[in-house]
Amino acid sequence: MLSFVRTFRQAQRSTGPKSQMGEFRVLQLTQSKGSRSGPMKKRAKPKFKEVPPPRYLRMSTDQDWTNVWPTATTFKQSVVPLPITQGYVSSDKENKGLPVEKYANAELMKIPNFFHLTPNHIKKHCAAIKKYCTPWPEELNSDEACEYYLPIQITTYDYLNSTPSIRDSRARVVKFNFKLTQLEFDEHARDKFIRLAGQRYNADTDELTLVADKCPYRKQNYDYAQYLLTALYFESWKAENWEQDRTKNDWQTYYWDKSPSRTRLLDILKASEKNASSVDSKSIVEQNKKLVERYRTSITRVQDEGVENELKNLTDYKNDIIVFMSSSNLDKLVSTQYGWHVDFDKEFDSSWKPFSRPRFSQLIEYIPLFLRYLRVWYALKREKRRAHMDFINPVPLQQIYGAPIGGLGCGTIGRGFKGEFCRYQLVPGLYEFYTVETNTFTVCIRRRHATTYCQVLTTNRLRKKGLHSWNSAFPKENGHYQALYPQSWTTYNLPGQNLRLLCKQLSPFIPDDYKDASLPVASFVWYIENLDDEPVEVSIMFTWQAGSASNEFECKDISHESIHISNDDISATGISIKQKLREMSLEYCILGKKESDNIITTRTNFNVDSEIEGRNVWLDLTDDGRLTEDESQNSSIATLSTASSVCITTTVEPKSIKSSEFALAWHMPEIKFGLGQKIYSKWYTKWFDKATLNGTVLCLHTMNNRLKWEDAITKWQKPVLDDASLPDWYKSALFNESYFVADGGSIWLDVSEDTTLPEHVRSWGRFGYLEGS
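Heads up: take any position in the sequence shown, counting from 1, add 159, and you land on my numbering.
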């Protein structure tokens, strides 16, 4: 403590006034009163300028508003001389219950206003730019002229906003709209332009709409739309090398003037002229102007319009075809000259038989093999099964076959070129090489209320006891057959009747249509040409027997019934034969299409092995050209030898053509193989409601889609048939040999419910055919 005091005093002495550092002085931050050197100045008072009133209160009443608000801008309350308020007051406590004034009103400030677009302002702008404008062209005085010379309509939109941002993403959208007919195109350029535009083109209005909205600004979208339109236009005029291989069928729109249909139509009309070589196309069109125009309109609608009016367009097209046919002869109904042509009296140059006689030197070598084979063959025979290769009962060669009927994997029925139904393949993998003589067509001709002709339309003589009284064995020299699978045309020249018949047979064997291509159906359209000078009543009767082609397979639970269908789309009458064939449900159904000028009658459940019943059916037909149901036969038990018939009666005027349409279906939805340990559903059943699917549904579907199938087959075959580099025999063989895909023992199964199979198998089913069948 003492040392600290001593040190402090020493420090005082060293800092005192008499120290070496100088005298200690006190720092004065403010002056005292006595130390002032001069008088004290007064502090200046701040001057405040008077705030002027708002500008709008100082504005003169006659001021030019266009100078006050010259352009689009957000709200400025200081220059708007209006007592504007905006906003919503939720209660009396908020702003004393008064709406918000325009001063510092955020709601007003964030809305883009257009006060500059007053009438006077617009007039002022127009007057300013008028000296730079040329006079309005006289050619554009009408809206039609403007649309013609300025075809492109450009649409943009501006929006008023109530959001914190004045921007609206919709305002950047630019839309170009115009009709394609207003641009210059040739056929190739127009077709390519439509393909490039895709869904932007509306075929109904012939308008193209380009919408640009990807860029952030409107000007960018406008430039892009202009570039896109320019690129589409000039690109459509370019012809690439691969485009030279395109056919007319690849066009997006149908061009009548360049179409093969127009060429064929003119050729047919020319051929009907006496001096065909000296008649030019223009005079032909002028002479048949109404006919040609009607046909052009109907086929263009079928080609160009969508599925919405497809049924109506196809019906109109059919009616126009009938009108056109009535103006000419029956040969025009055969759609192609290609195919296999054969007359009913054709005698083939060679006849072959199955090999059954080995040489004597081979007999000893074949004995052990034959004994082993005989043991296997007999065991299968006891089980009522067939050997895969039956050398005991080989199938002899029958030179009778034409184009079969039926689709892919559904079971087929063969047709002979002389009108017979032969070679049934209804049981999976098993063929019946027999002709069912009951299954046939019959024609009855009546003039002046009397029957003048009645004939079964097959060259075979009917040998069944109940069919002896039927006039069979059509003259072989009066028939001709042409087949281009899946279609065929059979022509009958009725002797002494001045009438011709043409039966057009069609099966839905269509590429890329795996619904209709798998159906067990066939269409038969009979065209009747009356070459006489008086009207004639013609009846076409279609007869079908229960069972299959032979007695090899057990058939039971047979029943016959008559069917009458009438709805908004179609009316039809026919018969149905239900049975169980080898424990599998099978239904035959035949429907005749009802038209306003025909009569359809049926006769069910008559026994073709009974001479009395068979003769009664024949007499019933020849009596008045119609069939009458026999109630006593309807109540009797149906057997394998029972049959039913459908008859369409129509009156054909002189020098005209009428048609009668039949549809046939054989509905076997589920099948079994071998010993029947598992049941499979056929592929075609997946496309329908299985609970309501029957033969009637399939026949109605056939009638509703027949014209569409014909068009699809024509489009499929046309590129090959029109290729001049291919020989005619090749064109015929290429399509006719494709029958084997359907008639080669093929089967198509629906396995969509089998979860153990891969997804692609469940989607497409299982398809197989017999090799070596």
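Built from N, CA and C at the ideal position, the CB exists for glycine as well.
Since we're looking at a predicted model, the values are computed, not measured.
Nonlocal neighbours in the same chain, by C-beta distance under 6 Å from residue i, ignoring five residues either side
{"i": "A681", "result": "I564, S666, L823"}
{"i": "G904", "result": "G588, Y928, L929, S932"}
{"i": "V332", "result": "D372"}
{"i": "G706", "result": "C714, L799"}
{"i": "I758", "result": "T808"}
{"i": "T314", "result": "K334"}
{"i": "C305", "result": "L299"}
{"i": "D502", "result": "H639"}
Beta-carbon proximity check, residue i vs residue j, cutoff 7 Å
{"i": "I749", "j": "G773", "result": "no"}
{"i": "M605", "j": "E688", "result": "Contrary to the premise, residue 605 reads as Arg rather than Met in this sequence. Contact: no."}
{"i": "T787", "j": "N764", "result": "no"}
{"i": "L391", "j": "L355", "result": "yes"}
{"i": "G751", "j": "V811", "result": "no"}
{"i": "A473", "j": "L893", "result": "Here residue 473 turns out to be Leu, not Ala, going by the sequence shown. No, Cβ-Cβ distance for L473 and L893 is not below 7 Å."}
{"i": "R741", "j": "E713", "result": "yes"}
{"i": "S677", "j": "G568", "result": "yes"}
{"i": "H547", "j": "Q641", "result": "no"}
{"i": "V767", "j": "L626", "result": "yes"}
{"i": "W648", "j": "Y747", "result": "no"}
{"i": "V602", "j": "S818", "result": "no"}
{"i": "G854", "j": "S698", "result": "no"}
{"i": "Y525", "j": "A708", "result": "no"}
{"i": "L489", "j": "L661", "result": "yes"}
{"i": "N895", "j": "Y644", "result": "yes"}
{"i": "Y686", "j": "L388", "result": "no"}
{"i": "W868", "j": "W777", "result": "no"}
{"i": "K753", "j": "D716", "result": "no"}
Nonlocal neighbours in the same chain, by C-beta distance under 7 Å from residue i, ignoring five residues either side
{"i": "N598", "result": "F580, T702, W703, Q704"}
{"i": "P1004", "result": "This structure does not reach residue 1004, given that the chain is present from 160 up to 932, and the question cannot be answered."}
{"i": "Q584", "result": "G570, T571, Y590, D902, G904"}
{"i": "A330", "result": "Y316, D317, Y318, R377"}
{"i": "I551", "result": "W536"}
{"i": "L428", "result": "I443, N447"}
{"i": "R421", "result": "W415"}
{"i": "P120", "result": "Residue numbering for the chain in the displayed model covers 160 to 932; residue 120 lies beyond these limits and cannot be assessed."}
Rounded C-alpha distance that separates residue i from residue j
{"i": "V920", "j": "S395", "result": "42 Å"}
{"i": "S744", "j": "T761", "result": "23 Å"}
{"i": "M700", "j": "H347", "result": "50 Å"}
{"i": "D475", "j": "S457", "result": "6 Å"}
{"i": "F335", "j": "Y307", "result": "15 Å"}
{"i": "W934", "j": "R659", "result": "Within the shown structure, residues of the chain are numbered from 160 to 932, placing residue 934 beyond reach of any answer."}
{"i": "S725", "j": "K338", "result": "44 Å"}
{"i": "G655", "j": "P634", "result": "12 Å"}
{"i": "V941", "j": "S328", "result": "Outside the displayed range of the chain (160 to 932) lies residue 941, so it cannot be described from this structure."}
{"i": "V238", "j": "N226", "result": "11 Å"}
{"i": "P679", "j": "A562", "result": "15 Å"}
{"i": "L216", "j": "Y386", "result": "52 Å"}
{"i": "D782", "j": "K623", "result": "22 Å"}
{"i": "A287", "j": "P296", "result": "20 Å"}
{"i": "T232", "j": "N279", "result": "18 Å"}
{"i": "S219", "j": "R326", "result": "35 Å"}
{"i": "Q358", "j": "L369", "result": "10 Å"}
{"i": "P917", "j": "Q664", "result": "38 Å"}
{"i": "K351", "j": "V910", "result": "42 Å"}
{"i": "A362", "j": "Y454", "result": "21 Å"}
{"i": "L908", "j": "R925", "result": "5 Å"}
{"i": "T861", "j": "F600", "result": "19 Å"}
Residues near residue i by beta carbon distance below 8 Å, same chain, minus five either side
{"i": "F507", "result": "Q558"}
{"i": "G566", "result": "S666, P667, F668, D675, A676, S677, L678, P679, V680, Y843, A901"}
{"i": "E366", "result": "N336, F337, K338, L339, Y360"}
*Take every Cβ of the segment 705 to 720, pair it with every Cβ of the segment 892 to 908, and state whether three or more of those distances are shorter than 8 Å.*
Touching, no.
_Across the segment 836 to 852 and the segment 872 to 879, are there enough close Cβ pairs to call them in contact, namely three or more that are closer than 8 Å?_
Counting Cβ pairs under 8 Å, fewer than three are found: no touch.
*Per the contact definition of three or more C-beta pairs closer than 8 Å, is the segment 614 to 630 in contact with the segment 568 to 587?*
In this structure the segment 568 to 587 lies against the segment 614 to 630, because at least three pairs of beta carbons, one per stretch, are closer than 8 Å.
*Determine contact between the segment 511 to 528 and the segment 547 to 558, defined as no fewer than three beta-carbon pairs at a distance below 8 Å.*
At 8 Å Cβ cutoff, the stretches touch.
*Please list the segments of the beta strand (DSSP E) lying wholly inside the segment 763 to 787, counting only runs of 3 or more residues, in order along the chain.*
With a minimum length of 3 residues, there is no unbroken run of beta strand (DSSP E) contained wholly in the segment 763 to 787.
_Start-end ranges of the beta strand (DSSP E) lying completely within the segment 595 to 647, minimum 3 residues_ = Counting only runs that start and end inside the segment 595 to 647, the beta strand (DSSP E) elements of at least 3 residues fall at 599 to 606, 609 to 615, 638 to 643.
*4 or more residues per run - each alpha helix (DSSP H) lying fully within the segment 317 to 363*: Runs found: 346 to 356.
*Counting only runs that start and end within the segment 863 to 924, where is the alpha helix (DSSP H) found for 4 or more residues in a row?*
Taken in chain order, the unbroken stretches of alpha helix (DSSP H) that lie wholly in the segment 863 to 924 and span 4 residues or more are 887 to 895, 899 to 902, 918 to 923.
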